[in-house]
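Participant:
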Amino acid sequence: MLLLNAVTLPELMAGGLRRFSDNIAVEYGDQKFTYQYIEKLSQDFCRYYQSNGLKKGDHIGILSDVTPMAIGAMLGALSAGLIYIPINIHAPNAWVSDLIISAELKHIMVQNKYREILDAPGDNAFVTFLDNFAAQDNSLTTTLYEKNLSDNVAYILYTSGSTGSPKGIMITHRNACSFICWMQKEFAITPGDRVFSRAPLQFDLSVFDIFTTLLSGACLVIVPENFDNSPLNVVSYMRDKNVSVVYTVPSAYIRWLSKGELQRGIPSLRTLLYAGEPFSPCWLRRVMDCLPTTAVANIYGPTETNIVTCQHVSKPTTETSEIPIGFPVDDTEIYIVDEAMSLLPHGESGEILVRGSTVFAGYFTAPELTREKLIQSPFHQYPTLAFRTGDYGYINEKGEIIYKGRMDNMVKTRGYRVEIGDVENAFTSIEEVEEVAVVSLPHEKYGATLHVCLSLKDVNQGLALIQEKIAEILPDYMLPYDFTVMEELPKTATGKIDRVCLKQACKNQLKSKPEIKTSQAHYVKLAKES
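Residue numbers (my numbering): 869 to 1398.
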């Protein structure tokens, strides 16, 4: 990956688009588009941007599903030297209006069905509707493939806000090229592959879906517009379309298994990748049982770092097996440090610190936050930045990195330190539990309390059995203070469990039930006042 220092995304992608010109690049429902078509489309968009006065470094927004037109708009923006910013299609109108201003968007490319999201009176950016886009005159005097430097920003991803306020994460050409090329090499993506497009544009997983696929001569398989995204339909679509590679979050695989008949298998699927959140061992084992010939890999990296570790996964042997996030990828260094940024020995937990070619350039218009999170590496004499992930982990005796959760998910309750991930893993080992998430709330007496939100495989199943089983697994101080049973846990636009929403639901429940009922002596054994 070090050889890519002088390479930009337009230069990298041009090679794939031209080399595989007659291959099918995108399959969108029943429509098929060649690499030659996608290259021509990107050139048309490039000419369009330049003829409308957009200049190198200007910001354009993309408000769209993953479609051939949206892909062309993104590639054309990169060729024109612009910085593209995908906009969350599920965001409230007011959020979008604020983003248009704060992200300094000059132009927005909008899929027609999302035109209502734009609050036109408050938005000053020029709008083009993708569905109405017309081919551009080739005689226009423009510069295709505007010269960029590898350290220039290529795109900005705004976080979904599932764990806090959205931040604009600036990814450079070097960051993106390093990630894309590593993924292609590590998972041997070839022209014979059919990669399923699952992630929305604002989610960093979509960078693999689109760019690694098109670099490799493979086919990107996209569900058609207005597709019914029920788990049953999605799994059936992948099976019918002979998908060979899929990359999404564990929550999606769990839904496909529990409600989408994944147990029937997908014979064409050779590689299953997951990232974004931990995969409970019991669910991962069930998924792997359904796909016995499919290779599985656990990929780790915050949006700010792209991907920095990888573990090719073997089937968990127990319900509580710890699944490593693996080893650092090429040109990446991982350190486990304490609060003073001193290196910790193997086996001791601390913050995960990352240095490498995929580490982002900073947060857009947030210099203080950038200085807080991007620091001079304490392990290098020369100037080089390292990213403080805020994630907690350790290195085991094999040299594998074990992810233990967010540092802000370490809770002290009734004098004991509790890792929320450990509580969640205990619940997922219970056969009757389908999905679970644990959140903490402040408590005057105990410091903090744990609240479990869960869905059950049998909606008629009562809580008593679950409470009895969890009391056999966890010590008293790790038992939840309260339960909330839901038909399905809420998800963010990127498919992860929405913990902000769950925390609010637990707060609301406590308002109507301020004190827990302690009559279930076999379960709740809260410490008595000292």
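Here a beta-carbon is modelled for each residue, glycine too, at the ideal position from N, C-alpha and C.
For G1224, which residues of its own chain have a beta-carbon under 7 Å away from its beta-carbon, when the five flanking residues on both sides are left out?
Facilitator: Once the five neighbours on either side are set aside, the close Cβ partners of G1224 are V1176, D1199, T1200 and E1201.
Participant: For the alpha helix (DSSP H) that R1042 lies in, which residues bound it at each end?
Facilitator: H1041 to E1054
Participant: Could you check the C-alpha separation between V1301 and P1118 for me, to the nearest Å?
Facilitator: 15 Å
Participant: Kindly indicate which three-state DSSP category M1275 falls into: helix, strand or coil?
Facilitator: In the three-state scheme derived from DSSP, where H, G and I count as helix and E and B as strand, M1275 is classed as helix.
Participant: Do three or more CB pairs link the stretch 1077-1092 to the stretch 946-957 at distances below 8 Å?
Facilitator: no
Participant: Within the chosen definition, does the stretch 1108-1122 reach the stretch 1255-1267 through at least 3 CB pairs nearer than 8 Å?
Facilitator: Using a C-beta cut-off of 8 Å, the stretch 1108-1122 makes no contact with the stretch 1255-1267, since fewer than three inter-stretch Cβ pairs fall below that distance.
Participant: Below 6 Å CB to CB, which residues in the same chain sit around L1370 once its five sequence neighbours on both sides are set aside?
Facilitator: A1305, V1307 and C1321
Participant: Among L1152, Q1244, M1354 and Q1335, whose alpha-carbon lies nearest the alpha-carbon of L1404?
Facilitator: The structure shown does not extend to residue 1404, since the chain is modelled only from 869 to 1398, so the question has no answer here.
Participant: Looking only at its own chain, which residues have a Cβ that is under 7 Å from the Cβ of I1263, when we skip the five neighbours before and after it?
Facilitator: I1204, H1214 and I1269
Participant: Pull up the distance between the alpha-carbon of D1157 and that of S1104, whole angstroms please.
Facilitator: 18 Å
Participant: Do the stretch 1056-1073 and the stretch 968-988 touch if we need at least three Cβ pairs shorter than 8 Å?
Facilitator: no
Participant: Pull the bridge partners of H1400 from the DSSP assignment, please.
Facilitator: Beyond the ends of the chain as shown, which are 869 and 1398, falls residue 1400; an answer cannot be given.
Participant: Would you mind sorting F1095 into buried or exposed? The rule is 16 or more other CB atoms within 10 Å of its CB.
Facilitator: By the 10 Å Cβ count, F1095 comes out exposed.
Participant: What does the Cβ neighbour count give for N1101, buried or exposed, with the cut at 16 atoms within 10 Å?
Facilitator: exposed
Participant: Considering S1217, what are the terminal residues of the beta strand (DSSP E) in which it resides?
Facilitator: Premise fails: S1217 is in no beta strand (DSSP E) and is neither H nor E.
Participant: Could I get the ranges of all uninterrupted beta strand (DSSP E) runs contained in the stretch 1121-1206, with 3 residues as the minimum, in chain order?
Facilitator: 1139-1142, 1163-1168, 1177-1180 and 1200-1205
Participant: Tell me the rounded alpha-carbon separation between D1077 and S1323.
Facilitator: 30 Å
Participant: How about S1084 and G884: do their beta carbons lie closer than 8 Å?
Facilitator: yes
Participant: Residue range of the beta strand (DSSP E) that D1350 falls in?
Facilitator: D1350 to V1353
Participant: Looking at L1140 and V1164, is the spacing between their C-beta atoms short of 8 Å?
Facilitator: In this structure, the beta-carbon distance from V1164 to L1140 falls below 8 Å.
Participant: Are the CB atoms of L1073 and T1116 nearer to each other than 8 Å?
Facilitator: yes
Participant: Considering just the uninterrupted stretch of the alpha helix (DSSP H) at G883, what are its terminal residues?
Facilitator: L877 to R887
Participant: Using the C-alpha atoms, what's the distance from W1124 back to L1130?
Facilitator: Rounded to the nearest angstrom, the two C-alpha atoms are 6 Å apart.
Participant: Would you identify the three-state DSSP class for R1066, choosing helix, strand or coil?
Facilitator: Secondary structure at R1066: coil, using DSSP grouped into helix, strand and coil.
Participant: Under three-state DSSP, which class holds L1025?
Facilitator: strand
Participant: Per DSSP, R915 forms a beta bridge with which residues?
Facilitator: Bridge partners of R915: none, in fact.
Participant: Taking contact to mean 3 or more Cβ pairs, one atom from each stretch, closer than 8 Å, check whether the stretch 935-944 and the stretch 1237-1255 are in contact.
Facilitator: no
Participant: When burial is assigned at 16 or more other CB atoms within 10 Å of the CB, is H1248 buried or exposed?
Facilitator: exposed
Participant: List the endpoints of the continuous alpha helix (DSSP H) containing T1317.
Facilitator: Counting along the chain, T1317 falls outside any alpha helix (DSSP H), though it belongs to the beta strand (DSSP E) covering G1315 to L1324.
Participant: Ignoring anything shorter than 3 residues or poking outside the stretch 1078-1107, list the beta strand (DSSP E) runs there in chain order.
Facilitator: 1087-1090
Participant: Is F1228 helix, strand or coil when you go by DSSP?
Facilitator: coil
Participant: Look at the alpha carbon of G1289 and the alpha carbon of D1276, and state the distance between them as a whole number of angstroms.
Facilitator: 12 Å
Participant: At which residues does the beta strand (DSSP E) containing P1310 begin and terminate?
Facilitator: P1310 -> beta strand (DSSP E) spans V1301 to H1311.
Participant: Do you know offhand how far V978's Cα is from K1325's?
Facilitator: 39 Å
Participant: Would you grab the beta carbon distance between F1295 and M1038 for me? Rounded to a whole angstrom, and I think it's under 8 Å.
Facilitator: Not really, about 38 Å apart at Cβ, beyond 8 Å.
Participant: Start and end of the alpha helix (DSSP H) containing Q979?
Facilitator: Unbroken run through Q979: none, as it is neither H nor E.
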